[in-house]
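Some notes on the structure that comes next.
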Amino acid sequence: MKTKFNGLLTLLLVLMVQVTFAQKKTVTGTVTDASGPLPGVTVLIKGTNTGTQTDFDGNYSISVKEGDILKFSYIGMNTTEKIVGTSNQINVTMNESAQALEEVVVTALGIKREKREVTYQTQKVSDESLTVVAPTRAASALAGKVAGLQINVQDNGVNPSSQIILRGLRSVSGSNSALIVIDGSVSTQGAFDDLNPLDIANISVLKGATAAALYGSNAGNGALIVTTKKGSFGGKLKVGINTSYTAETVAYLPKFQSEYGTGWEGAYDAVENTNWGPRFDGTLRQIGPTFPADYGLATQMVPYAPVKNNMLDFFETGDTFNNTVYLSGSNEDSSFYVSVGDQRSDGIVPDDTYKRNTFRVNASKKIGDVTLTASTSFFNDETDVVGGSIGDQDRPLYWFILNTATNIPLTDYKDWQNPLGYGYADNYFNAYYQNPYWAIGTNRNTDETSRFVGNFNISWDIKEWLNFTARIAANNAWGNGKNWRAAQEYNADLQPAAGAVSSFVTDSEFQSAIYNGDFLFSGNFEFEDDFTLKSILGGNVYQSKYRTSSIRANNLSIPDFYDISNGTGTPATNADGNEKRSFGFFADLTFGYKNYLFLNLAGRNDWTSTLASDSNSYFYPSVGVSFVFTDAIEALQNNDILNYGKLTYSNSTVYSDLDPYRINESYFQSGGFPYGSINGFELGGTSIDANIAKEKINTNEIGLNLGFFNSRVSLDASYFNTVTSDLITFTTPSVASASTRFLTNIGELEGNGIELSLSGTVLKSEDFSWDLNINYTSSETKVNSIKEGLDEIAVTTTGQYGVYAVVGEAFPQIKANVYQRDPQGRIIVDGTSGHPLTEETLQNMGKTTPDYILGFNSVVNYKGFTLSGTLDYRTGHVYYEQGSDAMEFTGRSIASVSANRQDFVIPNSVIETSPGVYSENTNVQVAGGRQNYWTDVYNDVKSNYVKDATALKLREIALSYSLPKDVLDKIKLTKVTFGLIGRNLFTKLPEENRFSDPEFNNTNSNAIGIGGYFQSPPTKSFGFNVNVEF
Amino acid sequence: MKNIIKYANLLIVVLLLASCEDFLDVNVDPNNPTVVTPELVLPVAQKYSANLIQATDGGGRRANTIGNMLMYNWSQSDGFAWYPDEFKYNVTSSFYTGIFSNSYTQSLKQYQILTQLDEKFDNYKAIGMIMKAYHFQLLVDFYGDVPYTEALLRKENATPVYDDAAFIYEDLVVQLSAAIEVINNAPSSAVVPGTDDIMFGGDMTEWIKFANTVKLRIGVRSSNSAVISEAFAQSEGFITSDVLVNPGYSKDAGKQNPFWNLYGADESETLTLTSKATCATDFVITYLQNTADARIDYLYEKPATGHLGVVQGLLDYDTPVVDAYIPENVSNIGPGLLKSETMGACIFTLAESYFNQAEAVLSQGGDAQSLYESGIEASFDYLGASGASGYYAQPVANVSWANSSNKLEAIITQKWIATNGITAEQSWFDYNRTGYPSNLPVSSQASTSDRPVRLYYPASELSSNGGNVPSQPDAFTAKIFWAN
């Protein structure tokens, strides 16, 4: 490779001296477009590499000789040519390119390319499309808008998190999340989530590894290239205010039975959390403990009948106020964009609050041939939500709400501090789980996080055709949190079964610092015989450091005082951190022929700190071809129907390295230690392959881009195949090997998929237009092999169900224990107990990523009105309803009333009378149909909780109105827009999914498909948005 | 110009490459060491041994609990659904799997490190060998064939073969003898453990006695007279006190005695839910009352209304009397077992050692009366009860030696009482071998006429070691080899 680099350098140098001299005169002029002067237009003498660029006012000046042809080119505009005559002034008006395929693509490293040159598939999301419903996180606004992109919004809290996956999964144990690049530098999803969505100019989605390969080992999962607003050109100062308000409410709750109430084994019990009581009869019954006559509070009596919406009414309407003020402007050599954003939210859970402030200053200054650009942002948020380990069983809040029977008027218990109220700890009806209002008041989790992102860029146009760019980016985040719980003791006469709650306070802090430096030379060459070359040579240095620590004190001495000093006993402490570094060099060459055929060759070599020093270097190449056949084939030119057609092929190989400190087995301080002066260290549970190495991802991609009817309709189609081999994987060895995980390189995953994106203007007249975009993504990742003798890997498992990688099956796969069935599929039951028999080994239940995702985006304009909407449909996958599983015990499930709480014969069941011989079971009833069958037998068959994850979601809908220009002129404003906005207003789930949003997930890892227990219920929001610009 | 670019480019490359060696040298984990000394390995191993018998720090049920459930010592009070699988004898591949996995991934993992040390650490090595034998016997007693010769090799063997249970038993005897040899032949320069040995404080003679005591347990359980004779020939003899593990348990979160932490109170002195949920069975209360056994008030907490046990597996708690069996009214686990949060965790009772010697002597035709009575006295002592001699002087079968027509039944029955709530799994093994104590009821929720005789291999073995794990033997009929 070294020789290859040298060769390229020589080529560069040879081209640099190729300068011609002739008799000259100076021509000046101004280049404009419809909106005014156009800076940055390349002015070239045709057939040479001599040229200049227009300044910030669109002016240029160039030495030419008569008869030369001046070629004016600007990305996104039609190239214009003018012959130099006698005049010394040539003014040019450029027209926007009619062809959508001429649009600018921001590719890896922030390099702009015309779309025709790009040999892989990308899709751009504009700022209008991102902010149509005033989202608080940009990620959630991407759902349904890009083919190949799957956004999983994992919970609906005040500070939600989401998972961003491009083209399915490629790794069993490694990250599958897309790389985030902000203003040209590799960043983090945290920094992306912390962006004010209004500050984003656009997001370019590089779907495959090829597109992102120049980013190095992080690029295997594709990339989101985020560009923030840089300031409008045109000299005028723009001041804008964007205000939105949204109200958030519970979208839907789990569907439960409403026939039976509090009780146990069929008998009414006034203090039960469970619903195993008798059938509702409407009679007035005691609920909660019996109070003594002189207690001052009468024993509570409520009708034994369902209370409508008793859980729903617990949740409040959440409010989000979002205000952003922004300024932007420019003069001939500088531009700036400044914004201040403020978000204040109250969640659907009472007292949950979230505040965040964002500040951004982007500025650029041109000094001669050098342009300096800085984009900086500061972010700060404060979260105050109910704690996550409530009560003596350390449960989440939702658990306490779910453990309230239908006949309990839950909202009557708000008054938890009043010793003579039913909400007071001693008086609360539920002997086992505390009052959720009490939980909110006595368990808090508070957190404050800040982030500074600074991105400094220097760009030097050494020659018209040669540019040097250097960039340094810092992404620093830090924060601290306090989590506390108050103690609660009980009057044993009133609450004999209640477990007293101990108090604690935890203080934690973290710091994260990521530094990223790039430099690159880019040179563009035009040869006389129709050949062009665009080249990039560059390097990158990366460093990330993370540190976290926490301290927890238990059993506080002074009530309501939450400081570590208030704890008794030894506080528990923890500190952890890691550091990673890497550097790399890269080259990228794009050869063009007649502007319709392009060949791209690129390569990068990385060195990483996380692999053994003898194997920490790796080179990865990529190759791509782009062919604009409508320009190449004469018969297709000037075709009114198919006006544009491009075919691309690309192949790349990318490697992923390890996380820090993974190459050596290590010890850790064992739980509980030190005991006084006795310390103890334990060998880690993970054993590590002595030859652990990098993971290889190879991607092939074929793409087709078509433009019809003068690009009024466009179709982008792609097929990809990705093979990941030498997977860096945690396999599960036999526990008898004394390790619980084994880190090794094994196996192969193969992903195949198709993406289609059809965009077009359905109708267009003077006042009316309707634009429609349909995205279709179908992809599946299969496990080709693991290793000899091992045909599955558990990503996470309880032993009864889990997420697995299974050879020959789609990944991730849910496995669960199932009923034993006879060859006809009938359930085999025990001939005595009537209970179904279960299979000893877990069975494949289905994959957790969809067969396909269909996204609809529609924008209708009528005069000043705009109606836009995004709909997203996913199907063909399953998820594990963890909440239903956990709630079976309480007798609230619909299944538990399916046999009217009687012993019953399992329908369509058989009894094995002799080996292999099955006779229909007509009379052996299950024992314990009243309760124990459901809690102990049915609940043990975990396949009962694997449900169809299909979902149709109206993710976004907005109706806005912009004042027309004549009105604006009168009131001296440049823009006034009012909008009504709605998010997730409609969701359609299959009948069998009774619990929650299948998109919810417990972790941001590859254990996709288990959720619904820790997350509050799904929400929808509705509000308005006002945008005014001066 | 071209030269400037060229040189600038080269300069950057050279600078980066020159410093890359150092630049990338940041892959040393600042939070986790890669090398530690034996003094830090041993106490972790021993603490885990105690966890395996009593409970995990997180409250996971282990050997003692399953023993108490299967041997009808414990039941459940009203208001709880705490032990559904135990009461149904629902032996599956997810039932008490921690006994299998924690043996290998916690204690044995650490002991294995000790057995690989050089002669400077011969004493640590011997302790590792002795404790490995202790744990592998338990594994055989719970599961039969288990990974042994190829176990604990970590990355070198992710799928160890299962070895024959009887073969393992034989080899454990060899290993115990070898461990005693290592101690006796350790060079004078060999490091002797100190307070880091949280069982015997580095007293290597005690370790020889313990090795010999484990050897006798193996000999008696497998009715191997040669092993029994070998144990009796060891001049150091057997243990002389209960074998307790105590790293320095304290009234702090995560640092309490694990039995106390699960069945007693948390560090803020709040009774745990499990302490309320767990109580005596009707049968054991009646048995202890009928034999005028003073240990009853130590094994079980006496409610104000008198001792009350609950039929194991009871479903309807409110008939005929509502709230009859709420925690306040029933005999929960008693003060002789729940001494304090700082008490040592027992992994081998002195009483059992005496009863094992008694059975050994009996099997060889000797007079085992004094050993039998020493066993009862050791049991009274452990619990803090008094009046042992008066107790075993009562003319009652299986109480007094003289009045017991079946001496073996007397020994095993007394061992059942002596291990109640301490190492009750031993009593279950003895039951499977001898059928004593007689007339012990089965859970009312059981669908079988008798209790299980073994555990199932965990589901994790089926998925991760499927080529080696035997097909699950019948939990109710496939007895461990020594019970046949």
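Line by line, the protein sequences give chains A and B.
Counted from 1, the first sequence has number 584 at position 584 by the UniProt record's numbering; the numbering is strictly sequential.
Counted from 1, the second sequence has number 358 at position 358 by the UniProt record's numbering; the numbering is strictly sequential.
Don't be surprised by glycine CBs; every beta carbon is placed ideally from N, CA and C.
> Can you tell me whether Asn-574(A) is buried or exposed, with buried defined as 16 or more other CB within 10 angstroms of its CB?
Replying inline: exposed
> beta strand (DSSP E) containing Val-795(A): first to last residue?
Replying inline: 792–797
>> Which residues in chain A have a C-beta closer than 7 Å to the C-beta of Arg-154(B)? List them in chain order.
In response: Ser-687, Ser-737, Ala-738 and Ser-739
>> Please state the DSSP three-state secondary structure of Gly-1012(A).
In response: coil
> Helix, strand or coil: which one does DSSP assign to Pro-836(A)?
Replying inline: strand
> Got a sec: is the Cβ-Cβ distance from Gly-831(A) to anything in chain B below 8 Å?
Replying inline: So no, Gly-831(A) is outside the interface.
> What does Lys-276(B) touch in chain A if you count any residue whose Cβ is under 9 Å from its own?
Replying inline: Pro-496, Ala-497 and Gly-499
> Are the stretch 509–518 of chain A and the stretch 343–352 of chain B touching by the rule of at least three beta carbon pairs closer than 8 Å?
Replying inline: no
> Val-625(A) and Leu-601(A) look like a contact to me (Cβ under 8 Å); what is the Cβ gap, rounded to whole Å?
Replying inline: Between Leu-601(A) and Val-625(A) the Cβ distance is about 10 Å, and since that is not below 8 Å, they are no contact.
> Quick one, which of Ala-410(B), Lys-47(B), Pro-147(B) and Arg-62(B) has its alpha-carbon nearest Ile-53(B)'s?
Replying inline: A check of alpha carbon separations from Ile-53(B) across Ala-410(B), Lys-47(B), Pro-147(B) and Arg-62(B) identifies Arg-62(B) as the nearest.
> If you count every other CB in all the chains shown that lies within 10 Å of the CB of Gly-306(B), and 16 or more means buried, which is it?
Replying inline: Result: exposed.
> Distance, Cα to Cα, Lys-646(A) vs Gln-121(A)?
Replying inline: Cα-Cα distance, rounded: 11 Å.
> Quick one: is Phe-429(A) buried, meaning 16 or more other Cβ sit within 10 Å of its Cβ, or exposed?
Replying inline: buried
> What are the boundary residues of the alpha helix (DSSP H) that includes Glu-128(A)?
Replying inline: The continuous alpha helix (DSSP H) containing Glu-128(A) extends over residues 127–130.
> Among the residues of its own chain, which have a CB less than 6 Å from the CB of Leu-537(A), if the five just before and after it don't count?
Replying inline: Phe-521 and Ala-587
> Closest by CA to Ser-503(A), which one among Ser-868(A), Asn-221(A) and Gly-567(A)?
Replying inline: Gly-567(A)
> Looking at the C-beta of Asp-936(A), does it have a partner C-beta in chain B at a distance below 8 Å?
Replying inline: yes
> Just how far apart, CA to CA, sit Asp-57(B) and Tyr-337(A)?
Replying inline: 56 Å
> If we ignore side chains and look at the alpha-carbon of each, how far apart do Glu-701(A) and Thr-653(A) end up?
Replying inline: 12 Å
> If we ignore side chains and look at the alpha-carbon of each, how far apart do Gly-144(A) and Ala-108(A) end up?
Replying inline: Near 23 Å, if we compare the C-alpha coordinates of Ala-108(A) and Gly-144(A).
>> Distance check for Asp-266(B) and Asp-384(A), CA to CA, integer angstroms please.
In response: Within the model, the alpha-carbon separation for Asp-384(A) versus Asp-266(B) is close to 28 Å.
> Out of curiosity, what's the CA-to-CA distance linking Gly-347(A) and Asn-435(A)?
Replying inline: 19 Å
> Pick from Ile-367(A), Gly-584(A), Thr-724(A) and Val-941(A): whose alpha carbon is nearest that of Ser-334(A)?
Replying inline: Ile-367(A)
> Which residue spans inside the stretch 849–873 of chain A form an unbroken beta strand (DSSP E) run of at least 3?
Replying inline: 852–862
> Counting contacts by CB-CB distance shorter than 8 Å, is Thr-20(A) in contact with chain B?
Replying inline: Residue confidence for Thr-20(A) is low, a pLDDT of 36 falling below 50, so the modelled location carries little weight; the figure read from the coordinates is stated next. False, the Cβ-Cβ gap to chain B never drops below 8 Å.
>> At the level of alpha carbons, what is the spacing between Gly-603(A) and Ala-190(B)?
In response: 58 Å
> Can we count Leu-130(A) as close to the ligand ATP, meaning its CB is less than 7 Å from some heavy atom?
Replying inline: The ligand ATP is absent from the structure shown, which contains no ligand whatsoever.
> Contact between the stretch 356–375 of chain A and the stretch 321–334 of chain A: three or more CB pairs below 8 Å?
Replying inline: Verdict: yes, contact present.
> Since Gly-747(A) and Ile-692(A) are thought to touch, with beta carbons under 8 Å apart, how far apart are those beta carbons, to the nearest angstrom?
Replying inline: In fact, because the Cβ distance is near 14 Å, the residues do not count as touching under 8 Å.
> Residues in its own chain within less than 6 Å of Tyr-1013(A) by CB, not counting five upstream and five downstream?
Replying inline: Listed in chain order, the non-local C-beta contacts of Tyr-1013(A) below 6 Å within the same chain comprise Gln-882, Gly-883 and Ala-886, local neighbours out to five positions each way being set aside.
>> I need the straight-line Cα distance from Thr-28(A) to Ile-111(A), nearest angstrom please.
In response: 29 Å
> Just curious, the beta strand (DSSP E) that Met-301(A) is in, first and last residue?
Replying inline: Residues 301–303.
> Buried or exposed: which applies to Lys-763(A), given that a residue is buried once 16 or more other Cβ atoms fall within 10 Å of its Cβ?
Replying inline: Residue identity differs from the one stated: residue 763(A) is Leu in this sequence, not Lys. Exposed is the call here.
> Do Ser-177(A) and Gln-163(A) have their C-beta atoms closer together than 8 Å?
Replying inline: yes
> Taking buried to mean at least 16 other C-beta atoms within 10 Å of its own C-beta, is Pro-419(A) buried or exposed?
Replying inline: exposed
> Would you say Asn-275(A) and Thr-890(A) are within 8 Å of each other, going by their C-beta atoms?
Replying inline: Yes, Cβ-Cβ distance for Asn-275(A) and Thr-890(A) is below 8 Å.
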